[in-house]
Amino acid sequence: MADRFPRELIRGSLELMVLSVLANGKKYGYLIQKEVRQASDSRVDLAAGTLYPLLHRLEADGLVRSSWDDDTGRQRKWYELTPRGSKKLNADARDWADYAACVRQLLAAAKIRLAPT
Amino acid sequence: MSEREFENYLALLTRLLRLNQQQTSALSAELRAHMEDRMDELQSSGVSHEDAVRQALAEFGDAAGLAHHFSDVSLQRKRRWIVRWTTFSLAAAFLFALGLITFWPGRNAAPGIAAVVAQAPNANAQPAPTIVQEIKPGPLPGTRKSASARIEEELNKTTTIDVVEMPLKDVVLYLSETHKLPIAMKLKFLDEASVPADTPVTKSLRGIRLATALDILLEDLGLTYYFNEVLFITTPADAKHRSEVRIYDCRDILAIPTAAGDQPDTLSGGGPADFSPPPRGGRGGFPGRARPESERRAEQLIQIIKTNIDQDTWFDGGATYRVGSISEFNGLVVITQTAQTHRKIEHLLSMLREAAGLDLAKAGPVVR
Numbered sequence: 003m004a005d006r007f008p009r010e011l012i013r014g015s016l017e018l019m020v021l022s023v024l025a026n027g028k029k030y031g032y033l034i035q036k037e038v039r040q041a042s043d044s045r046v047d048l049a050a051g052t053l054y055p056l057l058h059r060l061e062a063d064g065l066v067r068s069s070w071d072d073d074t075g076r077q078r079k080w081y082e083l084t085p086r087g088s089k090k091l092n093a094d095a096r097d098w099a100d101y102a103a104c105v106r107q108l109l110a111a112a113k114i115r116l117a118p119t
Numbered sequence: 008m009s010e011r012e013f014e015n016y017l018a019l020l021t022r023l024l025r026l027n028q029q030q031t032s033a034l035s036a037e038l039r040a041h042m043e044d045r046m047d048e049l050q051s052s053g054v055s056h057e058d059a060v061r062q063a064l065a066e067f068g069d070a071a072g073l074a075h076h077f078s079d080v081s082l083q084r085k086r087r088w089i090v091r092w093t094t095f096s097l098a099a100a101f102l103f104a105l106g107l108i109t110f111w112p113g114r115n116a117a118p119g120i121a122a123v124v125a126q127a128p129n130a131n132a133q134p135a136p137t138i139v140q141e142i143k144p145g146p147l148p149g150t151r152k153s154a155s156a157r158i159e160e161e162l163n164k165t166t167t168i169d170v171v172e173m174p175l176k177d178v179v180l181y182l183s184e185t186h187k188l189p190i191a192m193k194l195k196f197l198d199e200a201s202v203p204a205d206t207p208v209t210k211s212l213r214g215i216r217l218a219t220a221l222d223i224l225l226e227d228l229g230l231t232y233y234f235n236e237v238l239f240i241t242t243p244a245d246a247k248h249r250s251e252v253r254i255y256d257c258r259d260i261l262a263i264p265t266a267a268g269d270q271p272d273t274l275s276g277g278g279p280a281d282f283s284p285p286p287r288g289g290r291g292g293f294p295g296r297a298r299p300e301s302e303r304r305a306e307q308l309i310q311i312i313k314t315n316i317d318q319d320t321w322f323d324g325g326a327t328y329r330v331g332s333i334s335e336f337n338g339l340v341v342i343t344q345t346a347q348t349h350r351k352i353e354h355l356l357s358m359l360r361e362a363a364g365l366d367l368a369k370a371g372p373v374v375r
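So the protein lines, in turn, are chains A and B.
Start counting at 1 in the first sequence, then tack on 2, and there's your number in our numbering.
Start counting at 1 in the second sequence, then tack on 7, and there's your number in our numbering.
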């Protein structure tokens, strides 16, 4: 298994990752954490101590909303995107794609050869 | 390690965040669900219950760090609140000042509301100045008390420490938050003594005085504390240099009349005469007021203090520097010691007063 991504790389995209995980339906914290871990092949391990403060901030900013239920046999707080959150996700996704393209182009120009992982 | 540890963790976290009851239970329920999910997963992969708790808890990170992350979230809201609060306080201060000017005795040409109220009940009785006099110049109540006096007061309140393997710095933060006390760890000294701030602490102390709790907690780590506006946690070597002078009014114990001329309660049986006579000399009598009996008692009292409290901390004229010194003048005992020893002395004196049947409420004040 490859090493975890550097912290500073993750920091700038954490919010985007969480918003995109919520794009296909409401989830609770533990599920979000699990999905990010699986999607990244365990290279992004979103600590609870980072995730919950982030979720609370997103809620305070009106990008997600939460509700409680115990359908799963355990009292859980479910998060889902608000219309504003969806809009933000789309805008940030655009920015991110452009940014990645920019970095990729610079790397290509530098003729960096990437060893296959 | 048990689930109780997680509850302690939640309690600390929510205290640090100063959440209200509703917020506390919401956040606790959310994090508890996460913790349980994680433990289920770990245990289903064969990890023992105890290890699962430990690992799941470790993944949360330390409470102080998590609280910090959370408080970043509410910082914006808090700032708005502070601005509102400050505005309110300024308005309140202004109104208070206005009240002072209006009710200041003798200042205002018109009698003012307070004077009217005071005279209303009975016109030909002595003007009852109670209401007017209650508004006195000088510092507001609460601001008068020095920071050190507040620490002293807080040290006498009961506390509860119930932690398992919690980093010392978190325990300190917890105490600082629950007692609303400024507590600082002198990291340089702690490092020199090889007691880093994240030394794990396991303690279960309930319903004892904060002073005692700190003594027990820090003694185990080879540390101690002293205070001077801030409560400092440091090494005994460092604390030793932090001495302070206090003056104990022991005229009641020594049966010396106070300046007011009233005869204080005397010790039954003529004082603590059962102690072996202390060495005389060094004390010149005061002209016109030869009181050999009370002088002898003062020497004995000094001896009692020195032999019963922190014996090896009193300077005895020898080659080794020691922090403590003690002398007496007219029933006032002047002592230089560390704050901790001072507290023990205070305790001993009140025990003496109790044993001698003296009125503790009438005991003279300690000047510091």
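Every residue gets a Cβ at the ideal spot worked out from N, C-alpha and C, and that includes glycine.
Treat the numbers as computed from the prediction; the structure is a model and nothing was measured.
query                                                                                                                                                                        : result
Go ahead and label S283 (chain B) buried or exposed: buried means 16 or more other beta carbons lie within 10 angstroms of its beta carbon, across all protein chains shown. : Only weak support is given to the placement of S283 (chain B): the predicted model assigns it a pLDDT of 43, under 50, and the question is left unresolved by the model.
If contact means a Cβ-Cβ distance below 7 Å, which residues of the region 69-92 of chain A contact chain C?                                                                  : Looking at the structure shown, chain C is missing, and the protein chains on hand are A and B.
What are the boundary residues of the alpha helix (DSSP H) that includes S155 (chain B)?                                                                                     : A154 to L162
Quick check on the burial criterion: 16 or more other C-beta atoms within 10 angstroms. Buried or exposed for E236 (chain B)?                                                : exposed
Can you find a C-beta in chain B that's less than 8 Å from the C-beta of G27 (chain A)?                                                                                      : no
At the level of alpha carbons, what is the spacing between L91 (chain A) and N26 (chain A)?                                                                                  : 12 Å
Nearest to A220 (chain B) by CA position, among B:N163, B:P207 and B:P174, is which residue?                                                                                 : B:N163
Is the region 303-318 of chain B in contact with the region 345-359 of chain B, if contact means three or more CB pairs nearer than 8 Å?                                     : yes
Could you pull out every residue in the same chain whose Cβ sits closer than 6 Å to the Cβ of V252 (chain B), ignoring the five residues on either side in sequence?         : T343
Quick one: list the residues of chain B neighbouring G51 (chain A), beta-carbon separation under 7 Å, in chain order.                                                        : F67, G68, G72, L73 and H76
Check whether chain A comes within 8 Å of S40 (chain B), counting only Cβ atoms and requiring the distance to be less than that.                                             : The amino acid at residue 40 (chain B) is misidentified as Ser; the sequence shows Ala. So yes, A40 (chain B) belongs to the interface.
Between E43 (chain B) and chain A, is the shortest Cβ-Cβ distance under 8 Å, so that the two count as touching?                                                              : yes
In terms of residue numbering, what span does the alpha helix (DSSP H) encompassing D58 (chain B) cover?                                                                     : H56 to F67
Measure the alpha-carbon distance for E82 (chain A) versus H76 (chain B) and round it to whole angstroms.                                                                    : 21 Å
Applying the 10 Å Cβ sphere with the 16-neighbour rule, what's the burial state of Y232 (chain B)?                                                                           : buried
Can you tell which of B:P203, B:K210 and B:I254 has the C-alpha that lies nearest to the C-alpha of L230 (chain B)?                                                          : B:P203
Would you mind reading off the limits of the alpha helix (DSSP H) that contains A93 (chain A)?                                                                               : P85 to A111
Does the distance between the C-beta of L56 (chain A) and the nearest non-hydrogen atom of the ligand GTP fall short of 7 Å?                                                 : The ligand content of the structure shown is nil, which means the ligand GTP is not present either.
Note down the Cα distance separating Q28 (chain B) from V38 (chain A), rounded to an integer number of angstroms.                                                            : 32 Å
Would you say E172 (chain B) reaches chain A, if we count a Cβ-Cβ gap shorter than 8 Å as a contact?                                                                         : no
Looking only at its chain, what residues have a beta carbon closer than 6 Å to the beta carbon of L19 (chain B), apart from the 5 residues adjacent to it on each side?      : A70 and Y181
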